[in-house]
Structures are given as structure tokens and as C-alpha cells.
Ligand SMILES: [Zn+2]
Ligand SMILES: [Zn+2]
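In the numbering used here, the protein residues as written are -4 to 379.
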């Protein structure tokens, strides 16, 4: 009897040591790693730390691919070290840090951009203006300088998530709980692109019923802006792009007019539609010619929103203004549930933009986003 008890105790003790060992050395995940400028990304097995007290471990079910990911792939320097991108993750909560309240294992979540939660802007409820926005989203580390993928010599924490991965660490500040009866793979792109486009119209520009608006670039962000403009009753809503398939979709989603800027003069076409200029422009292309036009076609008191980080001219006549907008000035925990509600009311058809790919097809999905063939690629990592 005594020896049996001892054997059991030893086994239990060994189990405990094994548990501690795995906590110390983290968990194996599969993530798409960028090691070469321009890609391709390679799916590798990496070791990730367990969630810290203020973190949540999310099993990623799906993630959107956004043009910001592609911008990083093309601008990456070897000296930056290998990184994991991805910032439109959606998944299920697997583990919850001790100090995180209101989140449970099994919750369905959409991940969005990160903010510090402590600076003046965050405390005033403006996390898109967080004083640490750059470091929290593009620093490839936590704000304390640590990196949960350091055991593999790779950097994560892109937008506080790095969701091109089977698992991601997030915090309560960039996690939004969503209803369990909605497919996570369709909800994924709400975390960045759709929030940015719709938020620019509804929050940053506060577009009113009857206001005229032109949307330059009808990719995922631009089409979200078109749908939001339609929802708030704006009109005319003018989509501008060079890809006929996208302009057709813009029409179907609420644009009253479409201009193909490859073979039509944008300023003249807008004048023919409105008799003057427009009250608002949402500029998503970053193209220097379109940036100039976005200011030129404004009516007096009109406002253009630049979404690519470009800044506008210092001064414009007759009260015209240009705003540089980040993430549609949206507080994700408030705005994403609003977008989901609009979708459920049959008003925000963002599912029309999405095409699904297996995680292993990530490089093909990126190529299709580059060519414009797919508006919003969504990678599927696992089942719900
Ligand atoms: Zn994005
Ligand atoms: Zn902050």
C-alpha cells in the first residue's frame, strides 16, 4: 500500500513539474513568418509565452488580410528581424489572465487595434489618438518591450495580436466580445478595414442625410464607407476606382454613381453629377493625384478624410478641411457591435466583400488582394 501511494504521489508530482515546464517554455503555435521583403510568408512552428495577467490567449479561427499587412511585407527590412503580421483576427478565448475581468474561456471575440489605456487620449475615450499608438500597434513588442515569441527569435504583437497564426495574445483593450451564433470567419474583417471605412463616415466625418460624398478607391475600406454613407442617407454617393468589378459592387452596395478614373476625368464627372463639388471625400488610395483631387473637388465647408496616413494641404479656402483619420475614430468595443447590429438588420452587407482561403493558401490570398481580384481575403485557421 505504502509503495503504491508513493508511486501515485511521484506521478502527480511529475505531472505538476511537466505543467510548470510547459508554462515556462510556452506553447507551440503555427504562424506565418515574414523573413524576406516582399514575402512569401512561411508557416512555421513557433513557441509562444502563456498569457500574462492582463492578456488573453485566443485561438484564431479566421483573420482578414488588410493592405496594411501588405504594406509591411513590402517595406520590411531584414534588419527588422522576422515578424508575424495579421491584424483582423477573430477566434475563441482559450485562456484568460488573472486580472482580466468580463472575458471567459469559450467567448467568441474579434480583435482590433491596440491602445495603452493609460495616456490622456485613452482616458478621454479616444484610443485612436493614443499617445503610444505607433508602439502598441507597429512596435512588434508589448509596451513594456517584451515579446511573447522571443523563444523562437521572431517578433509578434502586431496591432496587439499578430493574427496570421493559430493563436494570438490580446488584451481587453483590443478584444471585442461578439455573439456566438454568428460565423467568426465573416466577422474577422470588422477589426480593421470595415471599422475604418464605416467609422470614417459615421464618426470622423459625421456625414449627414442628404450630404454628397465621393469615395476614392472601392476596396474593402472604401466599400465599407459606401455602405455607411448609404445607411446614413447621404447622396449622391460617388464611387471612384479603376477596377470595373469593384465599381459594379459599389453600385450594388449603395453608390448612386461610379467613376472609372482610368478613363474619366474625376473632377469633371463629379461636377456633372452634383453641379458643383462634393461635401465629403473618403480617400483610401494614397495616390498623389487622388490626394490632390480630394481637396480640389470639395464644396465650401466640405471635409475630406485621408485614410492612408497622408496629411493634407496646410490651408484650404472657404472652410474646406482635410482630416487624417485612423481606424475611423472608432472605439472597437462600441462600434463593432453597432456594425454587427446593422448587418443583422440587413443594412451592412460586408459579407459580400469576403473570399475565404485556407491558412496554408496565405500567399495566394495576398497575391489576390494585390491584384484586386479579391476585395477582402479571409484566412481560415480552424473550426469554431
Ligand atoms: Zn488594417
Ligand atoms: Zn493611450
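Glycine included, C-beta positions come from ideal geometry on N, C-alpha and C.
Could you check the C-alpha separation between residue i and residue j for me, to the nearest Å?
i, j, result
"residue 457", "residue 110", "The first residue shown for the chain is -4 and the last is 379, placing residue 457 beyond what the model contains."
"residue 208", "residue 136", "39 Å"
"residue 121", "residue 173", "22 Å"
"residue 55", "residue 29", "19 Å"
"residue 16", "residue 157", "Annotation note: pLDDT 37 at residue 16 (below 50); position unreliable, coordinate value reported separately. Roughly 25 Å separates the two Cα atoms."
"residue 352", "residue 312", "47 Å"
"residue 49", "residue 104", "16 Å"
"residue 338", "residue 376", "24 Å"
"residue 304", "residue 314", "22 Å"
"residue 35", "residue 84", "20 Å"
"residue 119", "residue 329", "15 Å"
"residue 232", "residue 317", "19 Å"
"residue 222", "residue 147", "42 Å"
"residue 164", "residue 276", "36 Å"
"residue 261", "residue 292", "9 Å"
"residue 378", "residue 74", "36 Å"
"residue 99", "residue 37", "32 Å"
"residue 180", "residue 290", "37 Å"
"residue 372", "residue 355", "13 Å"
"residue 324", "residue 33", "30 Å"
"residue 149", "residue 138", "17 Å"
"residue 283", "residue 249", "27 Å"
"residue 253", "residue 220", "14 Å"
"residue 397", "residue 336", "Nothing can be reported for residue 397, as the shown portion of the chain is limited to -4 through 379."
"residue 169", "residue 96", "14 Å"
"residue 93", "residue 341", "39 Å"
"residue 19", "residue 141", "The predicted position of residue 19 is uncertain, since its pLDDT is 36 and thus under 50; a value taken from the coordinates is nonetheless stated next. Each residue's Cα considered, the two are about 15 Å apart."
"residue 308", "residue 126", "24 Å"
"residue 47", "residue 143", "9 Å"
"residue 25", "residue 88", "17 Å"
"residue 171", "residue 296", "36 Å"
"residue 247", "residue 227", "16 Å"
"residue 162", "residue 285", "39 Å"
"residue 263", "residue 153", "42 Å"
Am I right that residue i and residue j are in contact with their C-beta atoms under 8 Å? What's the rounded C-beta distance?
i, j, result
"residue 234", "residue 279", "Not quite, the Cβ-Cβ distance comes to about 11 Å (not below 8 Å), so this is no contact."
"residue 151", "residue 166", "Not quite, the Cβ-Cβ distance comes to about 13 Å (not below 8 Å), so this is no contact."
"residue 306", "residue 319", "5 Å"
"residue 53", "residue 91", "Not a contact, Cβ separation roughly 10 Å."
"residue 23", "residue 42", "6 Å"
"residue 334", "residue 190", "7 Å"
"residue 160", "residue 81", "7 Å"
"residue 131", "residue 357", "So it is not a contact: roughly 24 Å between Cβ atoms."
"residue 294", "residue 272", "4 Å"
"residue 422", "residue 370", "The displayed coordinates of the chain run from -4 to 379. Any statement about residue 422 would go beyond what the structure contains."
Measuring CA to CA, which of the options is closest to residue i?
i, options, result
"residue 129", "115, 321, 285", "321"
"residue 107", "92, 101, 95, 86", "86"
"residue 368", "242, 142, 200", "242"
"residue 196", "26, 290, 274, 291", "274"
"residue 68", "169, 79, 58", "79"
"residue 240", "230, 171, 255", "255"
"residue 193", "225, 59, 44", "225"
"residue 188", "245, 58, 262, 176", "58"
"residue 281", "271, 272, 164, 299", "299"
"residue 206", "251, 283, 379", "251"
"residue 360", "25, 230, 37, 60", "60"
"residue 301", "287, 354, 295", "287"
"residue 101", "176, 228, 245, 125", "176"
"residue 349", "249, 326, 244, 324", "244"
"residue 326", "142, 283, 124, 227", "124"
"residue 230", "246, 47, 204, 247", "204"
"residue 72", "31, 153, 138, 283", "31"
"residue 70", "44, 97, 133, 142", "133"
"residue 145", "44, 228, 296", "44"
Ligand 3 and residue i: does any heavy atom of the ligand fall closer than 7 Å to the residue's C-beta?
i, result
"residue 82", "Looking at this structure, you won't find ligand 3 anywhere; what it does contain is ligand 1 and ligand 2."
Are the stretch 55 to 65 and the stretch 361 to 368 touching by the rule of at least three beta carbon pairs closer than 8 Å? Yes, they touch.
inquiry  = Could you tell me which whole alpha helix (DSSP H) segments of length 4 or greater appear in the stretch 187 to 264?
reply    = The alpha helix (DSSP H) runs of length 4 or more contained entirely in the stretch 187 to 264 are, from start to end of the chain, 188 to 194, 215 to 226, 239 to 247.
>> Runs of 3 residues minimum, wholly inside the stretch 87 to 133: which ones carry the beta strand (DSSP E) assignment?
In response: Those beta strand (DSSP E) runs which fall completely within the stretch 87 to 133 and span 3+ residues are 103 to 106.
task: Please list the segments of the alpha helix (DSSP H) lying wholly inside the stretch 334 to 370, counting only runs of 4 or more residues, in order along the chain.
output: The stretch 334 to 370 contains these whole alpha helix (DSSP H) runs: 357 to 366.
I want to know whether the stretch 228 to 243 touches the stretch 199 to 215 - three or more CB-CB distances under 8 Å.
Segments in contact, yes.
Just checking, does the stretch 340 to 355 make contact with the stretch 179 to 188 on the three C-beta pairs under 8 Å criterion? In short, these stretches touch, since the Cβ pair count reaches three.
Practice problem: Report yes or no: do three or more beta-carbon pairs, one from the stretch 253 to 268 and one from the stretch 188 to 203, lie closer than 8 Å? | Solution: Contact fails: fewer than three Cβ-Cβ distances are below 8 Å.
Can you list, in chain order, the stretches of the alpha helix (DSSP H) that have 4 or more residues and sit fully within the stretch 297 to 341?
Listed in chain order, they are 327 to 339.
Considering only residues of the stretch 23 to 53, which uninterrupted beta strand (DSSP E) runs meet the minimum length of 3 residues and lie entirely inside it, listed in chain order?
For the stretch 23 to 53, whole beta strand (DSSP E) runs of length 3 or above, ordered along the chain, are 37 to 43.
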